[in-house]
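Reviewing the structure listed below.
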Amino acid sequence: MTVSSPICFYDGTGPGFQHAILSEYQKAGGSYYEKPILLNAQWMRDCKKTNMCLIEVGKDYVLGIIHGHHLPTDIETFKDIIYDILDSYTFAVFLVQCFPQIPTDHFLHSFILTSTVEDGCSWIPTRTAADTALCVRSLAKRIQIADKPPSLGRVKPKWKTLDKAQKELMAGLSLTGTKKAKILMNHFDSPWDLFSHLQQGDRVDIKGFGPEFSKQNQILLNKKMEIVK
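Position one of the sequence shown corresponds to residue 1 (the working numbering), numbered consecutively onward.
What follows is the structure in structure tokens.
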């Protein structure tokens, strides 16, 4: 799915606090649409009381949002709800709004830890509806919108000192890297001194630089350059 601005779908029968999140989401440039989510209907039939807000941001991608002022009271029912979500969607991320205000002795703290380690759940703590909306928008944008980063005029760093530039130059040789380039700098007076040896086919008599190093770089330095189309 590719759109010009992030969209999301919500359950109209969800908890009241979701309206503040959707309002902030719209202020942040997102659009939202109501869509029945069968999980809520299933939970109601099974008498699983929940105050979780469910927002879909992509095919099989859902965000489950818990509010710190409407916390679950029964851990077993809460576990069933979390596992229902994990079973029903390919991807799920859970947000806990007003996280700093949750009592330290609430079971949610330990459940977040164990579910992260044992079930691979992703949890995001937020402070306000605005924070939550920004997370929803960011995740929706990542899934729905293909970013086109600007083309950079220069992607190679510009070295400020001569020795760093020389080291980078030598590191560009075949079978070389920054560590080997540093070794070469300790054995040759200049890059030209090294390149002259290699162009003539002379072996570099340094431990770790075998005949293949000299052979490949002689070809690299002497072969006529081809225009890349």
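Even glycine gets a Cβ: it sits at the ideal position worked out from N, Cα and C. It should be emphasised that the depicted structure is a prediction, and the values quoted were computed from it without experimental measurement.
- Your pair Y25 and R137 checks out as a contact, with CB atoms roughly 6 Å apart and the cut at 8 Å.
- Burial check for D193: the Cβ neighbour count within 10 Å stays below 16, so the residue is exposed.
- Within 10 angstroms of the beta-carbon of M225 lie fewer than 16 other beta-carbons, which makes it exposed.
- For the pair V96 and L139, the CB atoms are not nearer than the 8 Å cut-off.
- Using a Cβ distance threshold of 8 Å, W43 and I85 do not count as a contacting pair.
- Proximity to L54 across I65, K48 and C47 peaks at I65, based on C-alpha coordinates.
- Q166 sits away from G58, with the two beta carbons spaced by 8 Å or more.
- Within the segment 63 to 98, the complete beta strand (DSSP E) segments at least 3 residues long are 91 to 97, listed from N- to C-terminus.
- DSSP places L54 in the uninterrupted beta strand (DSSP E) bounded by C53 to G58.
- Setting aside the 5 residues that flank it on each side, F91 is surrounded in the same chain by D60 and Y61, each with a C-beta closer than 7 Å to its C-beta; the list follows chain order.
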